[in-house]
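Worksheet: the structure to be examined is printed underneath.
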Amino acid sequence: MDFTLYLSFITSSGKKSSMTIPGVRSDITKDEVSDLMNLIIEKNIFLSDKGFLVSAHGAKLTEKRSTELV
Numbered sequence: 077m078d079f080t081l082y083l084s085f086i087t088s089s090g091k092k093s094s095m096t097i098p099g100v101r102s103d104i105t106k107d108e109v110s111d112l113m114n115l116i117i118e119k120n121i122f123l124s125d126k127g128f129l130v131s132a133h134g135a136k137l138t139e140k141r142s143t144e145l146v
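Numbering (this note's numbering), first residue to last: 77 to 146.
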């Protein structure tokens with residue numbers, strides 16, 4: 077199974093911007109995700125076409141399953 081973390085932020089222009097991180101552990105915690113998002117905002121190293129990331133908006137962990145049919 078493959079897990080992907082989707083992070084959503086509010087930018088300096090008030091719009092939403094998202095980031096995708098593939099290959100995440102399946103047992104990642106809410107606290108770890110929150111800490112990661114806060115660190116990303118604090119370090120201010122990502123600039124999207126909508127501005128700098130200024131606050132966390134949301135996050136979700138998705139799981140992809142594949143089944144061989146042939």
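Ideal Cβ positions, reconstructed from N, Cα and C, are used throughout, including at glycine.
On a predicted model such as this, the values are computed, not experimentally measured, just so you know.
Residue range 106-119 is occupied by the alpha helix (DSSP H) that includes Val109, with no beta strand (DSSP E) assigned at that position. If you draw a straight line from the Cα of Gly127 to the Cα of Glu139, it is about 29 Å long. Lys136 is bridged by DSSP to Tyr82.
Under the DSSP assignment, Ser94 falls in the beta strand (DSSP E) whose first and last residues are 92-98. Taking the CA atoms as reference points, Leu123 sits about 16 Å from Leu112.
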